[in-house]
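A.B. asks: Residue numbers (the working numbering): 36 to 422.
Idealized CB from N, CA, C, for every residue including glycine.
Keep in mind the model is a prediction, meaning the values are calculated, not measured.
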Amino acid sequence: MSGRRICVVTGSRADYGLIYWPLRLLAESEDFELQIVATGMHLAPAFGETWRQIESDGFAISARVDSLLAGDSACSVSKSVGLGVIGFADVIQNLRPDLIMVLGDRFEILAAVQAALFAKVPVAHLCGGDVTEGAFDESIRHAISKMAQIHFPTNADAGKRLIAMGENPDHVHVVGSPGLDRIRRMEFMTRDVFFEAVGLHPRKQNVLVVLHPTTLDDGGGLGQSEDLTRALAALGPDVGLLLTGANADTDGQRINAHLQSFASATSNAIFRMSLGSDLFINALKHVDAIVGNSSSGLYEAPSFGLPAVNIGDRQKGRLRASSVIDVPSDCGSILSAIKRALSNGRFEPQNPYGDGHAAEKIIDILRQIENLPSLIQKPFFEDTSSA
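Following this line, the structure appears as structure tokens:
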């Protein structure tokens, strides 16, 4: 069993931050040979070339799959998936991994898993089984799960959904979110050092803004970004605003252009395309609220007791803590929710996504699997206990 080649695919700052500690423990173990493939937004200059963070953390990148086209239309995204499948087919042939590990629901991850399917390489999927009804991530996530053989969901409800989809309960392991491992182990910056690093002059209260496209809406979320910036402007100059870039989904570039224009015209705001995983986690410690529609408001923010204003339906259906305030996408509702969040202050940290020990559980489970190739033939599991 020693020396199994585990190929981990990462496509952005977001998934790298979540999968960092599984990567670290795989690299330190004599039982595995870690391979890292960087793809998607990691490689794009427009998104900050965040692959550099991987190398600065001491990891070697085994291969790169540069498949992300410049446009943000539906056609561009579809073509990027196709290019990704072609690129990952070559990478898998060259690296010859025993297992491919992926996290989440991005389209570049879908490309990797499609290539793995045809190469007969088993897949371990982290964070499957969740529900997000407001984006095509929902369909991508479930498609990845159906092509995967080993599942590491973050919560019991997600595990039950995977089993309901026909996945074998013996291969569904509820471990929690690996992103919490990073929070538990991190040495945080001081407040002054953090705000200097991001370039924002801090106010008494400060807000982190993370807004991604709503890919199932005709407008892609541009209207949502306009409602949000009107609400942010109404807060006045005494609240600091740290805005970060949207992901590479359909209409993401239009949202980024709007947010960047707003920040340029607003004295108490700054726009950063990507904070990187370390600065992003530090932001959750030092700001007073997170606003937008990112899963970070549900996954990581509760570990800090940080109030999250969750706008619209992008995260609809996902498990949430009491620190999350759900609001429709209109200026008045958003403004009222932000004021409420800032008035409430921080909550007692309570996170429904685990205890910060997910990475250890994942590595222990991988060690115990004796015959990975046998997992390729995957019968549909039907629960007949209640029949």
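Note the first and the last residue of the continuous alpha helix (DSSP H) segment covering Met-509.
C.D. replies: For the chain, the structure presents residues 36 to 422; residue 509 sits outside this window and is missing.
A.B. asks: For Val-43 and Ala-304, what's the separation of their Cα atoms in angstroms?
C.D. replies: Whole-angstrom Cα-Cα distance: 36 Å.
A.B. asks: From the DSSP output, in three-state form, read off Glu-417 for me.
C.D. replies: Note: Glu-417 maps to coil in three-state DSSP.
A.B. asks: What residue range does the beta strand (DSSP E) around Thr-434 cover?
C.D. replies: Because the chain spans 36 through 422 in this model, residue 434 falls outside it and cannot be assessed.
A.B. asks: Measuring straight from C-alpha to C-alpha, what distance separates Glu-417 and Asp-205?
C.D. replies: C-alpha separation (whole angstroms): 13 Å.
A.B. asks: Could you tell me which uninterrupted beta strand (DSSP E) segments, each at least 3 residues in length, are contained entirely in the stretch 277-333, listed from first to last along the chain?
C.D. replies: Whole beta strand (DSSP E) segments, 3+ residues: 304-307, 324-327.
A.B. asks: Skipping 5 residues on each side, what residues in its chain have a beta carbon closer than 6 Å to that of Ser-111?
C.D. replies: For Ser-111, where only same-chain residues beyond five positions count, the Cβ hits under 6 Å are Leu-104.
A.B. asks: Just to confirm my understanding: we take Gln-149, look at its own chain, exclude 5 residues before and 5 after, and list those with CB closer than 6 Å. What are they?
C.D. replies: Counting only Cβ-Cβ distances below 6 Å, and skipping sequence neighbours, we find Val-120.
A.B. asks: Taking Cys-366 as the reference, which of Pro-237, Arg-265, Arg-402 has the closest Cα?
C.D. replies: Looking at the Cα atoms, Arg-265 is the closest of the given residues.
A.B. asks: DSSP three-state call for Val-245: helix, strand or coil?
C.D. replies: The answer is strand: DSSP assigns Val-245 an E or B state.
A.B. asks: Which class does Ile-96 belong to by DSSP, given the choice of helix, strand or coil?
C.D. replies: In this structure, Ile-96 counts as coil in the three-state DSSP scheme.
A.B. asks: Taking the alpha-carbon positions, what's the Ser-97 to Phe-415 distance?
C.D. replies: The straight-line gap from Cα to Cα measures roughly 34 Å.
A.B. asks: Of all the options Gly-311, Gln-295, Arg-375, which has the alpha carbon lying nearest to the alpha carbon of Asp-323?
C.D. replies: It is Arg-375 whose Cα lies nearest to the Cα of Asp-323.
A.B. asks: By how many angstroms is the C-alpha of Val-137 removed from the C-alpha of Gly-163?
C.D. replies: Their Cα atoms are separated by approximately 10 Å.
A.B. asks: Between Ile-175, Leu-276, Gly-169, which lies nearest to Ala-147 when the distance is taken from Cα to Cα?
C.D. replies: Residue Ile-175 is the option with its Cα nearest to Ala-147.
A.B. asks: Ignoring anything shorter than 3 residues, give me the beta strand (DSSP E) runs that lie fully in the stretch 102-156, in order along the chain.
C.D. replies: Counting only runs of 3 or more, we get 134-138.
A.B. asks: Apart from the five residues on each side of it in sequence, which residues of its chain come closer than 6 Å, Cβ to Cβ, to Lys-155?
C.D. replies: Excluding sequence neighbours, Lys-155 sits near Ile-411.
A.B. asks: From His-77 to Tyr-51, what does the alpha carbon distance come to, in whole angstroms?
C.D. replies: If I take the Cα positions, the gap works out to 9 Å.
A.B. asks: What's the C-alpha gap between Leu-208 and Thr-45?
C.D. replies: Here residue 208 turns out to be His, not Leu, going by the sequence shown. When rounded, the distance between both Cα atoms is 21 Å.
A.B. asks: Skipping 5 residues on each side, what residues in its chain have a beta carbon closer than 6 Å to that of Ala-394?
C.D. replies: Answer for Ala-394: Trp-56, Pro-57, Leu-60, Pro-213, Asp-216, listed in chain order.
A.B. asks: I'd like the span of the alpha helix (DSSP H) that includes Glu-335, first residue to last.
C.D. replies: Note, Glu-335: premise wrong, no alpha helix (DSSP H); not H, not E.
A.B. asks: Give the DSSP-derived three-state secondary structure of Met-36 in the structure shown.
C.D. replies: With a pLDDT of 43 at Met-36, under the threshold of 50, the modelled position of this residue cannot be trusted; read the value that follows with caution. Coil at Met-36, not helix or strand.
A.B. asks: Can you give me the C-alpha to C-alpha distance between Gln-88 and Ser-331, rounded to a whole angstrom?
C.D. replies: Straight-line Cα distance between these residues: approximately 19 Å.
A.B. asks: Exposed or buried, what is Asn-282 when buried is set at 16 or more other beta-carbons lying within 10 Å of its beta-carbon?
C.D. replies: Buried, by the Cβ-count rule.
A.B. asks: Please report the straight-line C-alpha distance between Gln-259 and Ile-398, rounded to a whole angstrom.
C.D. replies: Rounded to whole angstroms, Gln-259 to Ile-398 spans 40 Å at the Cα level.
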